[in-house]
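> Structure below; questions to follow.
Residue numbers (the working numbering): 4 to 351.
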């Protein structure tokens, strides 16, 4: 063997053996895309859940989810059974938000129950659940943002509003929202399939799955969430500021309990409840890659966010929508009265 060949062999050995040793522990941990890494990580997570009895969080999660799943289909039924409501953009946006919330709640509840009863889930299935969950969450955020834009368009251009946003165009916009929300998560699943393990894991969490993916594409993940949050925030603030400037001389803000103030309050509460869990999840991703943070802290933050914070907007949304939109509440009351009359007729 000549000296050049020997030198190349030594360089290869140094690169493959010595370099991982001198790498910092966080980088080494997340560069090892192996089944051992995923198994150890999820096992530690399960041990923390058992030690603190955090699996009991599935009880309030189940209660809140069932209560929301009873309210959302009722509102969706009111919207789709009423031809007038189906022709209005704001109710189509409401229906899309409720649909995305229901999909998110179903996947979230299934994940929480599976983790509580310690069901081993194939890693590919966990990745797919993660992608659909992120898609549903992002779709709800984008649709809530579009609600603010829709309100601004209705106030700013009342005479041309129906021409700007007819039902057919609204349907295409909503289809585009779903596609936009799904592109990045499913692209990650497809591109990372060749390096991910294929065995079953004892716990499936969006944080663990996305945190593992983030180790290979950290910049892309942060850019995706940051740019999406920045665009939504800018649109919301711009629309609200412009709405106030346009309507401040019309006297609709003078009364403390005016419809404009109540509408702004309802929108503000929903936006806050929808956006806060996203920021907490960003904090989770940051803590997930910190070796100086206790595993128990990561598990506690993730469990509370998953079982409490992310459920609050979806629990309040149907009731705030039902109380705020007069046409929707009137349609609901008509359906209830019709059902009552049919029941009395059947009994008599």
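For glycine and all other residues, C-beta sits at the position ideal for the given N, C-alpha and C.
Nothing here was measured: the structure is a model prediction, and the numbers come from that model.
Under a three-way DSSP split, which group does residue 151 fall into?
If DSSP states are grouped into helix, strand and coil, residue 151 belongs with the helices.
> Can you give me the C-alpha to C-alpha distance between residue 332 and residue 76, rounded to a whole angstrom?
14 Å
> Taking all protein chains shown into account, do 16 or more other C-beta atoms lie within 10 angstroms of the C-beta of residue 31, making it buried, or fewer, making it exposed?
The predicted model places residue 31 with a pLDDT of 39, which falls under 50 and marks its position as unreliable; any figure quoted below should be read in that light. Result: exposed.
> Quick check on residue 160: buried or exposed, where buried means 16 or more other Cβ atoms within 10 Å of its Cβ?
Exposed, since its Cβ has fewer than 16 Cβ neighbours within 10 Å.
> Contact defined as beta carbons within less than 8 Å: I believe residue 363 pairs with residue 158. What is the distance between those atoms, to the nearest angstrom?
As shown, the chain starts at 4 and ends at 351. That puts residue 363 outside it, with no answer to give.
> The alpha helix (DSSP H) spanning residue 297 covers which residue range?
Neither: residue 297 is in no alpha helix (DSSP H) and is coded neither H nor E.
> From the DSSP output, in three-state form, read off residue 321 for me.
The three-state reading of DSSP puts residue 321 in helix, counting H, G and I together.
> Could you spell out the range, first to last residue, of the alpha helix (DSSP H) harbouring residue 165?
Unbroken alpha helix (DSSP H) run through residue 165: 164–167.
> Please list the terminal residues of the continuous alpha helix (DSSP H) segment that includes residue 86.
86–89
> Is the distance from the Cβ of residue 88 to the Cβ of residue 82 below 7 Å?
Less than 7 Å separates the beta-carbon of residue 88 from that of residue 82.
> Here's the rule: buried if 16 or more other CB atoms are within 10 angstroms of the residue's CB, otherwise exposed. What is residue 137?
buried
> Using 8 Å as the cut-off, can you tell me whether the stretch 102–109 makes contact with the stretch 122–140, which would need three or more C-beta pairs spanning the two stretches below that distance?
yes
> For residue 258, count the other beta carbons within 10 Å of its own beta carbon; 16 or more makes it buried, fewer makes it exposed. Which is it?
exposed
> From residue 286 to residue 184, what distance separates their C-alpha atoms?
C-alpha of residue 286 to C-alpha of residue 184: approximately 21 Å in a straight line.
> So what does residue 204 bridge to, in DSSP terms?
Beta-bridge partners of residue 204 (DSSP): 124.
> Using beta-carbon positions only, say whether residue 118 and residue 209 come within less than 7 Å of one another.
no
> Could you work out which residue in 212, 49 and 248 is closest to residue 155 when comparing CA atoms only?
248
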